[in-house]
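Trainee: Input: one structure, supplied below.
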Amino acid sequence: MATTDSARPDPPSERRAPAREMSSVARSADGRRIAYATYGPPDGDPVVFFHGTPGSRRLGALLEPAARANDVRVIAPDRPGYGRSPPQSGRTVGDAAASVRPVLNDLGVERAALVAFSGGAPYALATAASLGDRVTGVDLVAGATPPSFGDDTPAVQRLLSGLAAATPSVLGALLRGQAWVASRADPSFVVAQYAEDADAVPEDAATVVKEDFLAAFERHRNGAVTEFRDAGSDWGIDLDAVDAPVRLWHGTDDANVPVAGAERLAEALPTAELRVLDGADHLGTLLRAAPEALSRSR
Numbered sequence: 001m002a003t004t005d006s007a008r009p010d011p012p013s014e015r016r017a018p019a020r021e022m023s024s025v026a027r028s029a030d031g032r033r034i035a036y037a038t039y040g041p042p043d044g045d046p047v048v049f050f051h052g053t054p055g056s057r058r059l060g061a062l063l064e065p066a067a068r069a070n071d072v073r074v075i076a077p078d079r080p081g082y083g084r085s086p087p088q089s090g091r092t093v094g095d096a097a098a099s100v101r102p103v104l105n106d107l108g109v110e111r112a113a114l115v116a117f118s119g120g121a122p123y124a125l126a127t128a129a130s131l132g133d134r135v136t137g138v139d140l141v142a143g144a145t146p147p148s149f150g151d152d153t154p155a156v157q158r159l160l161s162g163l164a165a166a167t168p169s170v171l172g173a174l175l176r177g178q179a180w181v182a183s184r185a186d187p188s189f190v191v192a193q194y195a196e197d198a199d200a201v202p203e204d205a206a207t208v209v210k211e212d213f214l215a216a217f218e219r220h221r222n223g224a225v226t227e228f229r230d231a232g233s234d235w236g237i238d239l240d241a242v243d244a245p246v247r248l249w250h251g252t253d254d255a256n257v258p259v260a261g262a263e264r265l266a267e268a269l270p271t272a273e274l275r276v277l278d279g280a281d282h283l284g285t286l287l288r289a290a291p292e293a294l295s296r297s298r
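All letters in the sequence shown, in the order written, are residues 1 to 298 by full-length UniProt numbering.
Encoded structure:
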């Protein structure tokens, strides 16, 4: 079922305050470090946040005000090869739960909801399929969709996936150069990759987006290269194994992931609801959907 929401977000001053991040490290079954941050009240209802591609735990700061308003504790891990989490050799989309389960166990969380942005969507779905009733619900916000769902994938996304598969070292060098430029540029340089009008994005949100991008590459580039490769191939997820209710939030003006793909993904999932946000671009969908997604994850 699809519904359209034409509501606009609240003014920035009413939406966000400085985020208070608490960082920690969990250990996977094979001894890998999994860095994660938490936002919101420590005793709030747990929600695992899956950052985009590229991305890091720092993007969870965008959700912190909504987390406090809804008594939700946002748990935001760095996926392998991002931020402070070292790469995982040979990892695939289907391995996602191996990096989420240890974080939940480290925090003593038995059951949690999942919220994913952009390239985090396949990893959230894979986690839901693997963890079963430990997952109470899944919200995919401007989520990536399987490449088999159509030929409307933007040319830039196809190029990145092709480079990751054929010449990963070249893509790694390009990402290193992009991070170098981003570290010296105004936040709008990074925001422009996710928003139609970068100058219209609130300054505090733009700052978080830049910090997230830089944190993604602070120690590794492997994560982005691996995920761009996986984005262009079969995800290897049994969508019928996702028993938890799924909500998809997608903007009509999303140039990064066209809404048509979200419509197909909603049809392919056993229990899914699609909310279409009128006039929202890629980042705008996250800013507009986050408060309600968190409130419905409780």
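Cβ coordinates follow ideal geometry from the N, Cα and C atoms, glycine included. All values reported here derive from a predicted model rather than from experimental measurement.
Nearest by alpha-carbon distance to Val-138: which of Asp-234, Pro-245 and Pro-146 is it?
Mentor: If you number the sequence shown from 1, residue 138 lands on position 138. Considering only alpha carbons, the answer is Pro-245.
Trainee: Which value, in whole angstroms, describes the spacing of the CA atoms of Ser-99 and Ser-28?
Mentor: Translated into the one-based positions of the sequence shown, residue 99 becomes position 99. Translated into the one-based positions of the sequence shown, residue 28 becomes position 28. Rounded to the nearest angstrom, the two C-alpha atoms are 6 Å apart.
Trainee: Leaving out five residues on either side along the sequence, give the residues of the same chain with a beta carbon under 6 Å from the beta carbon of Asp-78.
Mentor: The residue given as residue 78 occupies position 78 in the sequence shown. Within the same chain, Asp-78 has close Cβ partners Ala-35, Ser-56, Arg-57, Arg-84 and Ser-85.
Trainee: Nearest to Phe-189 by alpha carbon, out of Ala-173, Thr-207, Pro-41 and Leu-174?
Mentor: Mapped onto the sequence shown, residue 189 falls at position 189. The candidate whose alpha carbon is nearest that of Phe-189 is Thr-207.
Trainee: For Pro-77, does the three-state DSSP call read helix, strand or coil?
Mentor: Locating residue 77 in the sequence shown gives position 77, where the first residue counts as 1. Strand.
Trainee: Could you check the C-alpha separation between Met-22 and Val-103 for me, to the nearest Å?
Mentor: Position 22 of the sequence shown holds residue 22. Position 103 of the sequence shown holds residue 103. Between Met-22 and Val-103, the C-alpha separation is close to 14 Å.
Trainee: Alpha carbon to alpha carbon, what distance is there between His-220 and Ser-297?
Mentor: As a working note, residue 297 is residue 297 in the sequence shown. As a working note, residue 220 is residue 220 in the sequence shown. If I take the Cα positions, the gap works out to 32 Å.
Trainee: Using the Cα positions of Gly-236 and Asp-45, report the straight-line distance between them to the nearest angstrom.
Mentor: Looking up residue 236 in the sequence shown gives position 236. Looking up residue 45 in the sequence shown gives position 45. Roughly 30 Å between the two C-alpha positions.
Trainee: Helix, strand or coil for Ala-61 per DSSP?
Mentor: For the purposes of this step, residue 61 is identified with residue 61 of the sequence shown, where counting begins at 1. In the structure shown, Ala-61 sits in a helix (DSSP, three-state: H, G or I).
Trainee: Should the stretch 224-236 be called in touch with the stretch 161-179, which here means at least 3 C-beta pairs below 8 Å?
Mentor: Short answer: they touch.
Trainee: To the nearest angstrom, report how far apart Ala-200 and Val-276 are at their CA atoms.
Mentor: Reading the sequence shown from its first residue, position 200 is the one you call residue 200. Reading the sequence shown from its first residue, position 276 is the one you call residue 276. Their backbone Cα atoms lie some 21 Å apart in a straight line.
Trainee: Going by the DSSP bridge assignment, what does Trp-249 pair with across the sheet?
Mentor: Mapped onto the sequence shown, residue 249 falls at position 249. Bridge partners of Trp-249: Val-141 and Arg-275.
Trainee: Could you tell me the alpha carbon to alpha carbon distance between Asp-281 and Trp-249, rounded to whole angstroms?
Mentor: The count along the sequence shown starts at 1 and reaches residue 281 at position 281. The count along the sequence shown starts at 1 and reaches residue 249 at position 249. Near 11 Å, if we compare the C-alpha coordinates of Trp-249 and Asp-281.
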